[in-house]
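This report concerns only the one structure given below.
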Amino acid sequence: MAEILKLLKDGNKPSLLAAGVNAFLGLIKGIAFFFTGNVAMFAEMMHSLGDAANQFFVYIGSALSKKAPTKQFPSGFGRIVNLVCLFAVIIVAILSYETVKEGWHHFIHPTGESKGMLIALGVLFIGIILEGTVLAKAGVEILHEAGQEKAGISTIPKAFAYLNRAKPATKLVFMEDLVATGGNVLAFGAILIAHFTGWANIEGLVSMIIGCMMFYVVAKVFLDNARGVIGETDEEMLNHIAHLVLDDPNIKDIVRLEVIKEGEFLHVELVAEADANLSLAFLDDVRDHLTEVILSQKGVSKVAILFDEDDGKLEWKHIGNRPANSTLEQ
Numbered sequence: 001m002a003e004i005l006k007l008l009k010d011g012n013k014p015s016l017l018a019a020g021v022n023a024f025l026g027l028i029k030g031i032a033f034f035f036t037g038n039v040a041m042f043a044e045m046m047h048s049l050g051d052a053a054n055q056f057f058v059y060i061g062s063a064l065s066k067k068a069p070t071k072q073f074p075s076g077f078g079r080i081v082n083l084v085c086l087f088a089v090i091i092v093a094i095l096s097y098e099t100v101k102e103g104w105h106h107f108i109h110p111t112g113e114s115k116g117m118l119i120a121l122g123v124l125f126i127g128i129i130l131e132g133t134v135l136a137k138a139g140v141e142i143l144h145e146a147g148q149e150k151a152g153i154s155t156i157p158k159a160f161a162y163l164n165r166a167k168p169a170t171k172l173v174f175m176e177d178l179v180a181t182g183g184n185v186l187a188f189g190a191i192l193i194a195h196f197t198g199w200a201n202i203e204g205l206v207s208m209i210i211g212c213m214m215f216y217v218v219a220k221v222f223l224d225n226a227r228g229v230i231g232e233t234d235e236e237m238l239n240h241i242a243h244l245v246l247d248d249p250n251i252k253d254i255v256r257l258e259v260i261k262e263g264e265f266l267h268v269e270l271v272a273e274a275d276a277n278l279s280l281a282f283l284d285d286v287r288d289h290l291t292e293v294i295l296s297q298k299g300v301s302k303v304a305i306l307f308d309e310d311d312g313k314l315e316w317k318h319i320g321n322r323p324a325n326s327t328l329e330q
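The UniProt record's numbering puts the first residue of the sequence shown at 1, with every later residue one more than the last.
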C-alpha cells in the first residue's frame, strides 16, 4: 500500500486536477439539465463526465507507469500510461456517440425553447472559467516539460508548438480541456441564439458539434497512444543524442542508435564504433561518461551502450543539423 501511495503522489497532477474539475462540472450540468431540459446542457454533462472518468484513469496510469522495473518486467512499466489512455478513450467514444445521437434527435424533433435559461448560462459560464483554468495549467505543464518558460496570456497558443513534446497524460488533458472549453462556449451561444431567435434546432446542432469534437479527441489520442504501446522512436531526441555521442573524440561511428518512448520516459540503446587499440578499462570509462551525458537529457531514464571495432568508415546517416537551442537538455 505504501508503494501505491508513493506512486500516486508522482502521478500526473494536471490530469488529477482536470478529473476533479470535470466531475464537479458534470454534476452541476446534470442538475441544470434536469431543471432546464436543455439538450446542449445534456451534451456538456456527458462531455464533462466522460472527461472526468478519462482523466482519472490517466492519472492512475501515469502513476503506475513510474513503477520500477522488476525481474519479470525488466523494461519497466512506462507503457502502462499509453494502455490506460487507450482504455480511457473508449469511454469518451461511447459518450460521444450518445451526445451526437441525442443532438440529432433534438435537431430533427426540437422541443421548443428550454426552461431556466439563466441557470444554464450560469452553469456554462462556471464551466468556461474552470475548464479554461485547467487548460491554462495544462499549457504551463507542456511548456515546463518542453523546457520552456511560462508565457503569461500567450501560454495556451505557445503550448501548441510543443504539444508533441508533452507527456501522454498532459497532452490528453490539454486536448480534452481545449475541446471542453470550446464546447462550453458553443453551448452558451446556442442557448442565447435559441432564446432570441426561437430557432430551437440550434441546441441539437451544437450538441452534435460537441460530440464530433469529442470524437476528434478520441481519434487523436487513440493514434498517439497506439504508437506509444507499439514503441515509437523520438526522432528529435535521437538526432540530438547522436550529435552528443559523435562529439566524443573516442567514438568513430554509430552502428545503431534507438531512442524509444516508454510512456513518459525515453530508453536509449547505442552501439558505437571505437578504436580497437583502446583498452577495456578505457572503454568502460567512455561508456560511463556517455551514459552520464545521455541520462542528463530530459526524459531519458535508461541507457544501454555497446562497443564495436571501428571499420574506418563513417556510415551514420540519420544525423542532421544540431538543434538550435538546448531545450532538449535538462
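Note that beta-carbon positions come from the ideal geometry of N, C-alpha and C, so glycine has one too.
Within its chain, find whatever has a CB closer than 7 angstroms to the CB of residue i; leave out the 5 residues flanking it on each side and keep chain order.
| i | result |
| --- | --- |
| residue 290 | 245, 248 and 305 |
| residue 202 | 190, 193 and 194 |
| residue 283 | 274 and 307 |
| residue 80 | 61, 64, 65 and 263 |
| residue 217 | 92, 175, 176 and 179 |
| residue 327 | For residue 327, the predicted model reports a pLDDT of 40, less than 50, meaning its position is unreliable; a value from the coordinates is still stated below. Counting only Cβ-Cβ distances below 7 angstroms, and skipping sequence neighbours, we find 146, 147 and 148. |
| residue 77 | 64, 65 and 67 |
Have a look at the options and flag the residue whose alpha-carbon is nearest the alpha-carbon of residue i.
| i | options | result |
| --- | --- | --- |
| residue 269 | 314, 115, 217 and 254 | 254 |
| residue 215 | 42, 92 and 18 | 92 |
| residue 12 | 271, 185 and 170 | 170 |
| residue 280 | 158, 252 and 309 | 309 |
| residue 102 | 39, 258, 179 and 4 | 39 |
| residue 137 | 156, 87, 226 and 164 | 156 |
| residue 182 | 152, 75 and 133 | 133 |
| residue 129 | 25, 240, 265 and 238 | 25 |
| residue 95 | 45, 124, 122 and 70 | 45 |
| residue 271 | 213, 231, 286 and 109 | 286 |
| residue 294 | 311, 237, 277 and 314 | 237 |
| residue 220 | 153, 123 and 173 | 173 |
Tell me, which residues are paired with residue i by DSSP?
| i | result |
| --- | --- |
| residue 336 | No statement about residue 336 is possible, as the shown extent of the chain runs from 1 to 330 and does not include it. |
| residue 241 | The partner list for residue 241 (beta bridge, DSSP) is empty, contrary to what the question assumes. |
| residue 253 | 273 |
How would you write the range of the alpha helix (DSSP H) that residue i sits in, first residue to last?
| i | result |
| --- | --- |
| residue 18 | 13-36 |
| residue 158 | 155-161 |
| residue 149 | Residue 149 -> no alpha helix (DSSP H), and no H or E assigned at all. |
| residue 40 | 39-64 |
| residue 200 | Element bounds for residue 200: n/a, residue is neither H nor E. |
| residue 247 | Neither: residue 247 is in no alpha helix (DSSP H) and is coded neither H nor E. |
| residue 93 | 80-108 |
Which same chain residues end up closer than 6 angstroms to residue i when comparing Cβ atoms and leaving out the 5 residues on each side of it in sequence?
| i | result |
| --- | --- |
| residue 302 | 267 |
| residue 53 | 91 |
| residue 8 | 63 |
| residue 158 | 151 |
| residue 75 | none |
Tell me the residue span of the beta strand (DSSP E) that contains residue i.
| i | result |
| --- | --- |
| residue 304 | 300-309 |
Give a single yes or no on whether residue i has its beta carbon closer than 8 angstroms to a heavy atom of the ligand GDP.
| i | result |
| --- | --- |
| residue 254 | What this structure holds is no ligand at all, so the ligand GDP is not there to describe. |
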